[in-house]
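Participant: Heads up, the sequence shown is in numbering that gives the first Met the number 0, so the first residue is 0 and it goes up one at a time.
Glycine is no exception: its CB is placed at the ideal position from the N, C-alpha and C atoms.
I am attaching a structure below and will ask some questions about it afterwards.
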Amino acid sequence: MAGHCHCEDCRRTSGTGHSSHLAVSADEIAITGETKAYVRPSASGNLVTRAFCPECGAPVFSKNPAMPGLLFLRASSLDDLEVFKPQMHVWAMRAPSWDAPSSELPVFDKMPPGM
């Protein structure tokens with residue numbers, strides 16, 4: 000699962016109108032190097048852990064307790080950027096007008112059903 004999130008936290012941590020994530024099984028990925036993290040309530044009310052590089056401040060991944068076992072990697076942190084193939088826009092109701100979601104992908108006002 001991969002997509003663009005327009006929630007307030009993702010906008011703020013990306014420095015633009017959305018952030019792009021790739022969901023992977025936590026058991027199938029190796030995070031190399033040190034990360035630091037902070038926890039904040041998300042738009043859904045879940046406490047999301049957001050990890051970043053302590054050297055440069057770049058966001059690396061996040062974890063949401065509503066989706067146990069998954070890590071949401073920031074697409075910008077991938078060694079091979081072409082691995083990222085977006086499939087949807089989430090929290091589109093929070094998107095600023097200058098970063099409106101493209102209709103080429105499914106658009107969800109909040110999260111898709113079942114997530």
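Does the distance from the C-beta atom of Ala91 to that of Gly16 stay below 8 Å?
Facilitator: Contact: no.
Participant: Work out the CA separation of Ser19 and Pro40 for me, nearest whole Å.
Facilitator: Their Cα atoms are separated by approximately 19 Å.
Participant: Could you give the C-beta distance for Ala50 and Ala36, rounded to a whole number, given that I count them as a contact under 8 Å?
Facilitator: That pair is a contact at about 4 Å.
Participant: Figure out for me which residue from Pro85, Glu33, Lys84, Leu72 has the closest Cα to the Cα of Glu27.
Facilitator: If we check each option's Cα against that of Glu27, Leu72 comes out closest.
Participant: Rounding to the nearest angstrom, what Cα-Cα distance links Leu70 and Ser96 in this structure?
Facilitator: Using only the alpha carbons, I get a separation of about 29 Å.
Participant: How is Thr31 classed by DSSP in three states: helix, strand or coil?
Facilitator: DSSP places Thr31 in coil when its eight states are reduced to three.
Participant: If you draw a straight line from the alpha carbon of Glu103 to that of His3, how long is it in whole angstroms?
Facilitator: For Glu103 and His3, the distance between alpha carbons rounds to 12 Å.
Participant: For a test of the three-state rule: what should DSSP assign to Leu104, helix, strand or coil?
Facilitator: Coil.
Participant: Given that a residue counts as buried once 16 or more other Cβ atoms are within 10 Å of its Cβ, and exposed if not, what is Pro112?
Facilitator: That one is exposed.
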